[in-house]
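So the protein sequences, as listed, match chains A and B.
Letter by letter, the first sequence follows residues 1 to 215 of this note's numbering.
Letter by letter, the second sequence follows residues 1 to 215 of this note's numbering.
For reference, the structure discussed in these notes is given below.
Protein chains: 2
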Amino acid sequence: MVVKVYGPTYGCPKRVLVCLIEKEIEFETVDVDLFKGEHKEPEFLKLQPFGSVPVIQDGDYTLYESRAIIRYFAEKYKDQGTELLGKTIEEKGLVEQWLEVEAHNFHPPLYDLVMNVLFAPLMGAPSDQKVIEESDKKLEKVLDVYEERLSNSKYLAGDFFSLADLSHLPFGHYLVNQTGRGNLVRERKHVNAWWDDISNRSSWKKVLQLYKYAV
Amino acid sequence: MVVKVYGPTYGCPKRVLVCLIEKEIEFETVDVDLFKGEHKEPEFLKLQPFGSVPVIQDGDYTLYESRAIIRYFAEKYKDQGTELLGKTIEEKGLVEQWLEVEAHNFHPPLYDLVMNVLFAPLMGAPSDQKVIEESDKKLEKVLDVYEERLSNSKYLAGDFFSLADLSHLPFGHYLVNQTGRGNLVRERKHVNAWWDDISNRSSWKKVLQLYKYAV
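This is the structure we're talking about:
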């Protein structure tokens with residue numbers, strides 16, 4: 001049975017899509033319209049009780065939380081497609097560390113930025129200028145640490161592309177292409193080279209081509 | 001060489017301590033005083049460039065981010081102490097899912113609560129009443145989902161204690177014992193039974209006894 005991915009037009013589900021393509025796993029997608037509130041309908045809440053995308057179904061196995069899903073597939077298909085977890089326990093530890101950095105340092109200010117710069121105006125809600133300014137400052141500091149790291153190592157967890165890098169693609173795309181903040185990346189030589197590298201992978205280009213962003 | 005853990009008196013490092021005790025791994029601790037800003041000093045930033053605790057050193061291997069560290073030790077010492085990752089790929093996927101739920105649904109409102117109810121007054125900073133109210137509401141909704149889940153399953157990822165449960169201990173302790181919100185747990189029968197179970201593990205009691213909370 002083919003893997004099903006719910007919510008392909010949004011950011012976090014794209015984390016799953018690019019992983020599935022890297023791992024050469026066949027899948028199909030099911031649209032969920034967040035603007036119509038479909039993620040809060042009873043049928044959807046049976047799959048994901050917190051009302052978020054993505055969810056996947058792999059046969060009769062259901063899983064949610066994008067960073068859990070990508071770990072699951074990377075492990076289940078360890079020997080198929082791109083190796084994304086690292087080869088040793090130590091490499092794997094660093095992949096986990098940078099996955100957590102993405103989730104706790106990179107994502108939160110960027111999410112706030114995307115909500116206030118892109119989504120709020122679309123939904124007729126006010127943008128919070130203070131949140132925007134604080135998010136910009138936080139992101140600059142985070143990217144300064146990335147610059148230092150990437151001056152010593154081609155990818156975040158070491159000299160190999162991994163889930164840690166992959167996990168930055170969906171919201172990195174917002175940062176560079178849809179919030180007018182591409183300069184935050186371009187001004188940092190090693191971050192810029194890293195972003196060029198990972199965003200030009202054929203897996204990510206395929207995601208962008210097949211599953212347009214809802215916004 | 002014995003594992004070193006930095007910052008044992010704070011919440012997130014306690015996630016690591018309880019894991020090390022469950023896995024029967026020998027360790028020592030290094031104090032870091034956040035109130036004196038020791039986490040922002042150059043020596044510390046060499047270990048953890050974002051200036052957060054915990055960090056661990058395992059021989060010459062350094063790792064940060066508590067949820068990455070616990071995964072690393074659970075995997076490195078798979079056959080020693082309590083099995084914390086699940087036995088099959090599917091069980092492991094659910095452990096990952098609930099670790100992510102802890103990180104993204106449970107922790108953020110609880111962290112805001114702890115900061116505003118406990119830390120702000122201590123540091124002479126104002127508490128944000130609006131944040132407190134919103135955090136309370138978010139936590140109630142999250143715990144409603146937990147109640148439903150735990151009415152079908154003894155622990156979060158299934159009928160076995162795992163990293164997913166363990167990860168709730170340090171801030172669950174704040175919730176129940178230091179923010180005056182124990183009722184949020186006690187009013188939910190299955191959440192209450194689960195909390196009683198995990199917070200009475202000898203590993204956690206040992207952490208509380210040996211490494212008092214700074215606040």
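From the three backbone atoms N, C-alpha and C, an ideal C-beta is built for every residue, glycine too.
Counting only Cβ-Cβ distances below 9 Å, Leu63(B) has contacts in chain A at Glu90, Gly93, Leu94, Glu96, Gln97, in chain order. A straight-line Cα-Cα distance of about 7 Å links Glu83(B) and Ser162(B). Just so you know, the alpha carbons of His173(B) and Ala125(B) end up roughly 23 Å apart. In the structure shown, the three-state DSSP call for Ile56(A) is strand. When Cβ-Cβ separations below 8 Å define contact, Tyr72(A) makes contact with chain B. Remark: C-beta atoms of Thr29(A) and Leu47(A) do not approach each other more closely than 8 Å.
Chain B has a Cβ within less than 8 Å of the Cβ of Val101(A). Cβ-Cβ distances below 6 Å link Gly11(B) to Pro170, Phe171 in the same chain, with the five nearest sequence neighbours on each side left out; the list follows chain order.
What Pro49(A) touches in chain B, judged by beta-carbon distance under 7 Å, is Val145, Glu148, going in chain order. Distance check between Gln129(B) and each of Glu140(B), Lys138(B), Lys141(B), Asn116(B) places Asn116(B) closest, using alpha-carbon atoms only. Identification of chain B residues near Arg188(A) by a Cβ-Cβ cut-off of 9 Å yields none; the smallest Cβ-Cβ distance measures about 14 Å.
Under the three-state reduction of DSSP output, Tyr61(B) falls in the strand class. Apart from the 5 residues on each side of it in sequence, Ser199(A) has no Cβ closer than 6 Å to any other Cβ in its chain.
By the Cβ neighbour-count rule, Leu122(B) is exposed, with fewer than 16 other Cβ atoms within 10 Å of its own.
Contacts with chain B at 8 Å (Cβ-Cβ) include Ala68(A). Glu28(B) carries a strand assignment under DSSP once its states are collapsed to helix, strand and coil. Residues of chain B whose Cβ lies closer than 8 Å to the Cβ of Glu24(A) do not exist, since the nearest Cβ in that chain is about 17 Å away. By the neighbour-count criterion, in which 16 or more other beta carbons inside 10 Å mark a residue as buried, Gln97(B) falls on the buried side. Close partners of Asn105(A) in chain B (Cβ separation under 8 Å): Phe50.
Around the beta-carbon of Val142(B), 16 or more other beta-carbon atoms lie within 10 Å, marking it buried. In this structure the region 32-44 of chain A does not lie against the region 69-85 of chain A, because fewer than three pairs of beta carbons, one per stretch, are closer than 8 Å.
Counting of Cβ neighbours within 10 angstroms places Gly180(B) among the exposed residues, the total staying below 16.
Taking the Cα of Ala214(A) as reference, the smallest distance to any Cα among Phe160(A), Leu118(A), Trp195(A) is reached at Leu118(A). By the C-beta density criterion, Leu45(B) is exposed, having fewer than 16 other C-beta atoms within 10 angstroms. Residue pairing by DSSP places Lys4(B) opposite Glu28(B), Gln57(B) in a beta bridge. Put simply, the CB of Lys137(A) is far from chain B, with every gap to its CB atoms at 8 Å or more.
In this structure, Leu85(B) lies near Val95(B), with their beta-carbon atoms less than 8 Å apart.
Interface residue (Cβ-Cβ distance to chain A less than 8 Å): Glu75(B) is classified as such.
Judged by beta-carbon spacing, Leu156(B) lies within the 8 Å limit of Asp165(B), meaning their Cβ atoms are closer than that value. Leu150(A) and Lys138(A) have their C-alpha atoms spaced approximately 18 Å apart.
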